[in-house]
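Protein chains in written order, with our numbering: chain X, 1 to 337; chain Y, 1001 to 1337.
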DNA sequence: TTTATTACTGATAGCGCTTTCACAAATGTT
DNA sequence: AACATTTGTGAAAGCGCTATCAGTAATAAA
């Protein structure tokens, strides 16, 4: 409760004076330099406490060439706004960065046209590193990375895998989901895919494929229908599947949003879930738990995504070169399968 | 497509040399000082372009005492993570700040115990201002504000109204919703309230009350049951309402999450919506449009909240003192009323 | 004891910008 | 024609730190 005085304008020089040492020594103490006599460390710390001193970031940046800032860039063209995803991930980033004395600079900007503005921000000594979110065009990121800016992308980069990235293990998650359906007794597992142009879409489909292949079977093309991750496309895909007449008793849907759409079609046509058709989604989005039937789905560790990205960038800032990471998923069994 | 060279280490001094003027003049041009001869302005701009120069934020901060940074503080104890709210609002903030050459610094931190750390970040010359999200204890903010830090809170501050804030007009929105229900022919409009300890909860209830009062009636206490904004509490509240036996033909629910819960109870008991009971929610959360019956609700302008907060803080940074703002809501008619 | 290390510490020189301040040139005023 | 203003510019002094470098005191090695 005893708020420290926290004077706005105390400078290192004043601390030096009060503590009776040179500015250099104060700086050493502040930065944890070992070889300072114990009694001086103490008197410096005391002065810091008493005057409520906290060093100026600007001055420090200017002197060191480090800003302590990490750009967190979201392509505002992207519609990540269907879920708490972005909030959770940025919060995790911010929290994790704090441990390395870094801070997150938020940048929402259309990635294509902003090239220049963004480049200006990133290229000069404005930030120590940058975290990008899955993007259509990662050529820009590759460029920056090559120029020496520490970068990590959340999601799987399209072109240059040389950029460190962190992603959810989409393929394994999808495979687990499909295998679960099979284990539950499904004979014909259909799938509604996401946008196959996006890595998450492709990989989830490949996971489905792998599960079928493990059975020694080939994928029946009639059982796969393409969606684009939208709720609407889930509805359409399920209608198409049903109308085609192919028999199926389970469906793996590439994300919850489409799964919810698919479920509403199933409900309308009075097809019992999971008795007649079992369904499992992917993402464990918030709304998955809202309906009268809660969705069985593959949960991705969103918070983990953020903190992994943050700690990777922190490593890079310190000069190391972290390996890309793949986060495990978890099958959440609920009402629909 | 032609990426500018964008050299990492061009300094103002080099620009001065290339342009054949003094550093002071370069600085003037960069900052739009009027009284520089036209031909010099041009040669400076040319040099800037050719060398791909962009000024160092740190140096500028050190010289001016301004950082160009706005802290965006989210109390990580809070569960804002049920909706895209946070993502939308921060994106809007970031985008709006850019217009004033400011940037958003993200800080997710438990507000109570972090006092010290946060205070350290905010108090010294680390940021030019701060945006806070609705918080239980705004005493901390009041403190900072009194100390001269430009602050804006998103939501309605509990204690000190002297802090500039921006909020959705909860009362009017709730009143509109209730009146709509009445206009539609409802004779007995019930309400499920939110947490009345939170301003949004209280104000939405007051809006309901006002609509009833406008009819010249008093609120029938049997028609109001308290929830706490959670899905679960919506379910419970509706069960209570139904079990109590009080007749009602419409219900205004203080948020969509509870409304969705209430709806599922109505469905289970085969009560037709909106024929037997009309329902309208509040928030227009994403999931409101997902079910088979899309929720009629009061939309709040989340993006507006973010950009208002951002432009208010920008004004304050420039020394002005903006008035608090109240954002209008909009009734979105869908399937449930 | 003399010399070579080691342990601490303080001057001091920037980091890259802004901003007085002073001054010259150009313009305006009696 | 003499003086007072206004304009446009550069020199130079910081802004608050860090980091190099050199120097003194204390310790180890010869």
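Glycine included, each C-beta is placed from N, C-alpha and C at the ideal position. Predicted model only: the values in this text are computed from it and were never measured.
Candidates the options: closest to residue i by CA position
| i | options | result |
| --- | --- | --- |
| residue 1281 (chain Y) | Y:1175, Y:1102 and Y:1010 | Y:1175 |
| residue 228 (chain X) | X:254, X:209 and X:141 | X:254 |
| residue 1049 (chain Y) | Y:1248, Y:1286, Y:1249 and Y:1026 | Y:1026 |
| residue 264 (chain X) | X:303, X:285, X:292 and X:39 | X:292 |
| residue 411 (chain X) | X:289, X:312, X:326 and X:307 | With chain X covering 1 to 337 only, the question about residue 411 (chain X) has no answer from this structure. |
| residue 251 (chain X) | X:287, X:230 and X:295 | X:295 |
| residue 1053 (chain Y) | Y:1208, Y:1012 and Y:1141 | Y:1012 |
| residue 157 (chain X) | X:204, X:188 and X:324 | X:324 |
| residue 1180 (chain Y) | Y:1257, Y:1040 and Y:1330 | Y:1330 |
| residue 1287 (chain Y) | X:260, X:10 and X:268 | X:260 |
| residue 101 (chain X) | X:315, X:332 and X:337 | X:315 |
| residue 1028 (chain Y) | Y:1055, Y:1051 and Y:1070 | Y:1055 |
| residue 217 (chain X) | X:189, X:201, X:232 and X:202 | X:189 |
| residue 1278 (chain Y) | Y:1060, Y:1262, Y:1172 and Y:1233 | Y:1262 |
| residue 177 (chain X) | X:299, X:313 and X:37 | X:299 |
| residue 51 (chain X) | X:42, X:88 and X:10 | X:10 |
| residue 235 (chain X) | X:42, X:266, X:205 and X:202 | X:266 |
| residue 1091 (chain Y) | Y:1256, Y:1270, Y:1304 and Y:1269 | Y:1304 |
| residue 337 (chain X) | X:24, X:182 and X:258 | X:182 |
Residue span of the alpha helix (DSSP H) that contains residue i, given as start and end
| i | result |
| --- | --- |
| residue 29 (chain X) | 23-30 |
| residue 1085 (chain Y) | 1085-1099 |
| residue 145 (chain X) | 139-146 |
| residue 302 (chain X) | 302-317 |
| residue 965 (chain Y) | Residue 965 (chain Y) lies beyond the range of chain Y shown here (1001 to 1337); nothing can be said about it. |
| residue 184 (chain X) | No alpha helix (DSSP H) holds residue 184 (chain X); DSSP gives it neither H nor E. |
Residue interval of the beta strand (DSSP E) (run including residue i)
| i | result |
| --- | --- |
| residue 331 (chain X) | 330-332 |
| residue 1299 (chain Y) | 1296-1299 |
| residue 1064 (chain Y) | Premise fails: residue 1064 (chain Y) lies in the alpha helix (DSSP H), 1057-1064, not in any beta strand (DSSP E). |
Burial state of residue i (16 or more Cβ within 10 Å)
| i | result |
| --- | --- |
| residue 167 (chain X) | buried |
| residue 65 (chain X) | exposed |
| residue 1103 (chain Y) | buried |
| residue 274 (chain X) | buried |
| residue 32 (chain X) | exposed |
| residue 215 (chain X) | exposed |
| residue 20 (chain X) | exposed |
| residue 1039 (chain Y) | exposed |
| residue 148 (chain X) | exposed |
| residue 1164 (chain Y) | buried |
| residue 1319 (chain Y) | exposed |
| residue 5 (chain X) | Unreliable placement is indicated for residue 5 (chain X), whose pLDDT of 47 sits below 50; no coordinate value is reported for it. |
| residue 89 (chain X) | buried |
| residue 1114 (chain Y) | Confidence in residue 1114 (chain Y) is poor, its pLDDT being 49 and thus under 50, which makes the residue's placement too unreliable to answer from. |
| residue 1339 (chain Y) | Past the edges of chain Y, shown from 1001 to 1337, lies residue 1339 (chain Y), and the structure says nothing about it. |
| residue 269 (chain X) | exposed |
| residue 1035 (chain Y) | exposed |
Between the CA atoms of residue j and residue i - distance to the nearest angstrom
| i | j | result |
| --- | --- | --- |
| residue 1083 (chain Y) | residue 1018 (chain Y) | 53 angstroms |
| residue 1139 (chain Y) | residue 1159 (chain Y) | 7 angstroms |
| residue 1073 (chain Y) | residue 1199 (chain Y) | 19 angstroms |
| residue 1015 (chain Y) | residue 1086 (chain Y) | 42 angstroms |
| residue 1309 (chain Y) | residue 240 (chain X) | 46 angstroms |
| residue 1122 (chain Y) | residue 1105 (chain Y) | 11 angstroms |
| residue 1169 (chain Y) | residue 68 (chain X) | 39 angstroms |
| residue 1184 (chain Y) | residue 186 (chain X) | 48 angstroms |
| residue 350 (chain X) | residue 321 (chain X) | Residue 350 (chain X) is absent from the structure shown; chain X starts at 1 and stops at 337. |
| residue 223 (chain X) | residue 191 (chain X) | 6 angstroms |
| residue 306 (chain X) | residue 1109 (chain Y) | 15 angstroms |
| residue 327 (chain X) | residue 1129 (chain Y) | 37 angstroms |
| residue 1219 (chain Y) | residue 1212 (chain Y) | 6 angstroms |
| residue 1201 (chain Y) | residue 1195 (chain Y) | 5 angstroms |
| residue 1061 (chain Y) | residue 58 (chain X) | 6 angstroms |
| residue 1070 (chain Y) | residue 233 (chain X) | 40 angstroms |
| residue 1226 (chain Y) | residue 126 (chain X) | 50 angstroms |
| residue 230 (chain X) | residue 197 (chain X) | 14 angstroms |
| residue 203 (chain X) | residue 75 (chain X) | 22 angstroms |
| residue 206 (chain X) | residue 171 (chain X) | 6 angstroms |
| residue 1096 (chain Y) | residue 1107 (chain Y) | 18 angstroms |
Closer than 6 angstroms: residue i CB and nearest the ligand SAH heavy atom
| i | result |
| --- | --- |
| residue 1099 (chain Y) | Although the ligand SAH was asked about, the structure shown includes no ligands whatsoever. |
Quick check: the stretch 142-160 of chain X against the stretch 1128-1143 of chain Y, are there 3 or more CB pairs under 8 angstroms?
-> no
Validate contact between the stretch 47-62 of chain X and the stretch 241-250 of chain X using beta carbons, cut 8 angstroms, 3 pairs = no
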